[in-house]
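Q: What follows is a single structure, and I will ask about it in a moment.
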Amino acid sequence: MEATIFKREDGSGRLNPQLFALWVGMASMIMLFGAFTSAYIVKQGAGNWLQFSMPWVFYLSTAVIIVSSIFLHLAYNAFKSFQWQRYKIMLLLATALGFAFMVLQYEGWIALFESGVDLRANVGGSFFYLITGAHAAHVLGGITTLAVTCLLAFTLPLKYSESRKNKIEMVLHFWHFLGGLWIYLFVFLNVIR
7 MEATIFKRED GSGRLNPQLF ALWVGMASMI MLFGAFTSAY IVKQGAGNWL QFSMPWVFYL
67 STAVIIVSSI FLHLAYNAFK SFQWQRYKIM LLLATALGFA FMVLQYEGWI ALFESGVDLR
127 ANVGGSFFYL ITGAHAAHVL GGITTLAVTC LLAFTLPLKY SESRKNKIEM VLHFWHFLGG
187 LWIYLFVFLN VIR
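Residues 7 to 199 (my numbering) make up the sequence shown, in order.
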């Protein structure tokens, strides 16, 4: 990663305030999900914990968010190399897969609910819904930024500017972060059952 993302467009070398806000937001999300996973471990040790298998659709959604992240990275690289058509296609694919991730998450919750794991049945199920639901809320924010970026790519004249590159880069960082966070949660929820 280039150090230039930390510079302002005016060349002053000061930290970009938008990027700083993004990093602070992501740090707070790390603390939030760290607290959730810590509480999960502590509460699990108290006993009366329902063991359940994660539905297969969560495995599929994990692959989908990884591929979405790859397409977004390809879109970013295409933008930097002025390949406008490729940029739009990759961005559209990344956004569509972001929506697909949310649909698959919902399908996973439905499958879990139909197997008898709900919010009232056991604390384990409640924690699962809390953690994955909180992640889904953040993903909705990420999908919104992806959708807006995609809309702008198809409606505004495509030209390179540092400002636009920085905005796309911030969307990229946030989406990669959400994907990485899901992978952590997916592994955690599969290992610490």
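Glycine is no exception: its CB is placed at the ideal position from the N, C-alpha and C atoms.
Does the distance from the C-beta atom of serine 74 to that of leucine 103 stay below 8 Å?
A: yes
Q: Helix, strand or coil: which one does DSSP assign to leucine 21?
A: Here leucine 21 sits in strand by DSSP.
Q: Near glycine 131, which residues of its chain fall below 8 Å by C-beta distance, leaving aside the five closest residues on each side in sequence?
A: Hits under 8 Å: Leu56, Phe58, Leu118, Val123, Asp124, Leu125.
Q: Closest by CA to methionine 60, which one among Ala33, Tyr135, Leu28?
A: It is Tyr135.
Q: Excluding sequence positions up to five away, which residues of its chain have a Cβ less than 8 Å from the Cβ of leucine 28?
A: Met176, His179, Phe180
Q: Does the beta-carbon of glutamine 24 have 16 or more other beta-carbons within 10 angstroms, so that it is buried, or is it exposed?
A: exposed
Q: For the alpha helix (DSSP H) containing glutamine 111, list its first residue and its last residue.
A: 90 to 120
Q: Quick check on phenylalanine 64: buried or exposed, where buried means 16 or more other Cβ atoms within 10 Å of its Cβ?
A: Around the CB of phenylalanine 64, 16 or more other CB atoms lie within 10 Å, so the residue is classed as buried.
Q: Less than 8 Å between the CB atoms is what I'm expecting for valine 70 and alanine 106, so what's the real figure, rounded?
A: 5 Å
Q: Please list the terminal residues of the continuous alpha helix (DSSP H) segment that includes lysine 165.
A: Element bounds for lysine 165: n/a, residue is neither H nor E.
Q: Given a threshold of 16 other Cβ atoms within 10 Å of its Cβ, counted over all protein chains shown, does serine 67 qualify as buried or as exposed?
A: buried
Q: Check whether chain B comes within 8 Å of glutamine 50, counting only Cβ atoms and requiring the distance to be less than that.
A: The structure shown contains no chain B, having only a single protein chain.
Q: Among Ile198, Tyr93, His144, which one has its Cα closest to the Cα of leucine 187?
A: His144
Q: Report the residue from Asn83, Lys86, Gln89, His141 whose alpha carbon sits nearest the alpha carbon of glutamine 111.
A: His141
Q: On the CB-based measure, 16 or more other CB atoms within 10 Å of its CB, does tryptophan 62 come out buried or exposed?
A: exposed
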